[in-house]
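Student: Quick one: the structure is below, and I'll ask about it shortly.
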Amino acid sequence: MRYGKYIPGSRGKGSHNVVDVVDKQTRSRMMSGIRGKNTKPELRLRRALHAEGFRFILHDRRLPGRPDIVLPRWKAVIEVHGCFWHRHDACRYATTPATRPEFWADKFAANVARDQANLARLQDAGWRTAVVWECQIRGKNIDELVNELGNWIRSDSLEFGVK
Ligand SMILES: [Zn+2]
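Residue numbering for the sequence shown follows the numbering used here, beginning at 2 and increasing consecutively.
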């Protein structure tokens, strides 16, 4: 998997201290980031969109960054970003582990740069792009979000969501 080799504690000898200082919440956040695709919030959003009648392709390899949800009929893609890995601005889930600050700073900067590049490439190819954050889907009523998203999908607006 994409992030597997970066998980503290997986590097063998001498790495156990790293594990100890990453708190439980951060670690579970990181673990959910490992899966990347098909996360619980993503599944939840997909189910809701499907119930609204939208049909889509998942993780289309032909498109930059394999977008999470691709709606060909609407020429639209939706990325469901994990707040930790993709650095949701001012979000409480976008924590930074206490150790190896340079490592994490580099890692996060690379992720954000890659996300921006993918969105730009998608838009260059004529796709409209939406970014939805996991914290927007996690553990709350998502009717309003799904409603707004549905309105956006049917619109000709180029972008949806906040950075
Ligand atoms: Zn967030």
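Note that beta-carbon positions come from the ideal geometry of N, C-alpha and C, so glycine has one too.
Only a predicted model underlies this, so the values are computations on that prediction, with no experimental measurement involved.
1. Taking 7 Å as the line, does the beta carbon of Trp105 fall inside it for any heavy atom of ligand 1?
2. CB Phe109 to CB Arg88, shorter than 8 Å?
3. Verify the contact flag: Trp86, CB atom, against every heavy atom of ligand 1, threshold strictly below 7 Å.
4. Taking only heavy atoms of ligand 1 into account, decide whether any of them is closer than 7 Å to the Cβ of Trp75.
5. On the three-state DSSP scale, how would you describe Ala126?
6. Is the beta carbon of Trp153 within less than 7 Å of some heavy atom of ligand 1?
7. Note down, in chain order, each residue of its chain lying with its Cβ closer than 6 Å to the Cβ of Pro68, except the 5 sequence neighbours on either side.
8. Whole angstroms are fine: how far does the CA of Lys141 sit from the CA of Leu59?
9. Of all the beta strand (DSSP E) runs that stay within the bounds of the stretch 75-114, which reach a length of 3 or more residues?
10. Answer with buried or exposed for Gly83, where buried requires no fewer than 16 other C-beta atoms within 10 angstroms of its C-beta.
11. Hey, out of Glu145, Ile70 and Thr96, whose CA is closest to Trp128's CA?
12. Looking at ligand 1, does it come within less than 7 Å of Glu43, judged from the CB to the closest heavy atom?
Tutor: The structure says:
1. no
2. yes
3. no
4. no
5. coil
6. Checking every heavy atom of ligand 1 against the Cβ of Trp153, none is found closer than 7 Å.
7. Short of 6 Å from the beta carbon of Pro68, and not among the five residues preceding or following it, lie these beta carbons of its own chain, in chain order: Val78 and Glu80.
8. 24 Å
9. 77-82
10. The residue in question, Gly83, is buried, as its Cβ has 16 or more Cβ neighbours within 10 Å.
11. Ile70
12. no
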